[in-house]
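Report on the structure given below.
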Amino acid sequence: MSSIFHPKYLLLVLFLFTLTGCSNTFVQIGDMLKESVVGLPDDTISAEEIEQTPYSSIYVRVNDSHRAYVLLALAEAPQTLPSTTPSAENIELKWISSDAGMLVTRNGRLLKTINLFYGNRVQLSSKETDPIALGLHLNSTPRYWQSTIDWQPGYHINYEQQSTFSFITDETVIINDKPLNLKKFNEHVVIPSLDLEYDNQFWVDAANGTVMKSYQKIAPNLPYIDITLLKPYGFKDVK
1 MSSIFHPKYL LLVLFLFTLT GCSNTFVQIG DMLKESVVGL PDDTISAEEI
51 EQTPYSSIYV RVNDSHRAYV LLALAEAPQT LPSTTPSAEN IELKWISSDA
101 GMLVTRNGRL LKTINLFYGN RVQLSSKETD PIALGLHLNS TPRYWQSTID
151 WQPGYHINYE QQSTFSFITD ETVIINDKPL NLKKFNEHVV IPSLDLEYDN
201 QFWVDAANGT VMKSYQKIAP NLPYIDITLL KPYGFKDVK
């Protein structure tokens, strides 16, 4: 977790404080679970304001906490592939809050969290291409995937996961005041060594496979996180 104190992240946090000022719309991800006890109201940002903001944005909710509006702070190619040319398929998006809480996603998949109250996903990795990156909306996309997950608290390292994807239904979801016709998929995850299993859900655009909304478990014994994409990432968002 020491990476959260890396100078580039501290500069980003200072930048975001300046950007948001006293606004309560840019909330602290790390405190969301604690704030749920107080019962703070959901952040609700108008579609016009979301469109006018030059940064990509998401809504985030952990379990029953209030819904938080969070901006994209950094986009970069994976450090494990330093020679990879950034593209929509391999870019990692880092959503950083004012208290240095962070979510890291790729193609809508939650890869890592930092400074969440009850614990964090340290890493999710695989030697295989994530079916989400290939596009769950395509018939040619594999429906089986293997990955490994690390999480804290505790020494939970390199646990193998086996995922099976299945189409559930077509569903209309309202995002930015617009009804979107999305395809809902379920990911059934099994961790054989722990005799544990759980499910994630993904709502994807039928035309291009973009994950518009997801409900993903942070780790086997940690809460779920709900992420709704408000303004997609573009290469002009973060310099």
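Counting from 1, one number per residue, gives the positions in the sequence shown under full-length UniProt numbering.
We put the beta carbon where it would ideally sit given N, CA and C, even for glycine.
Nothing here was measured: the structure is a model prediction, and the numbers come from that model.
- Here DSSP, grouped into helix, strand and coil, assigns residue 76 to strand.
- Ranked by Cα distance from residue 195, the options 185, 208, 212, 159 are led by 159.
- As far as DSSP is concerned, residue 230 takes part in no beta bridge.
- Membership of residue 50 in the alpha helix (DSSP H) is indicated by the continuous run 47 to 52.
- Put simply, the backbone Cα of residue 191 is about 40 Å away from that of residue 54.
- Annotation for residue 153: no beta strand (DSSP E) segment contains it, and DSSP assigns it neither H nor E.
- With a contact defined as Cβ atoms closer than 8 Å, residue 168 and residue 184 qualify at about 4 Å.
- The C-alpha of residue 232 lies about 21 Å from the C-alpha of residue 138.
- Judged by DSSP in its simplified three-state form, residue 132 adopts helix.
- In terms of Cα proximity to residue 162, the closest of 211, 153, 181, 142 is 142.
- Two segments are said to touch when three or more pairs of C-beta atoms, one from each, lie closer than 8 Å; by this definition the region 195 to 209 does not touch the region 113 to 130.
- The C-alpha of residue 128 is placed about 7 Å away from the C-alpha of residue 146.
- Around the C-beta of residue 228, 16 or more other C-beta atoms lie within 10 Å, and the residue is accordingly described as buried.
- Between the alpha carbons of residue 179 and residue 90 lies a gap of roughly 28 Å.
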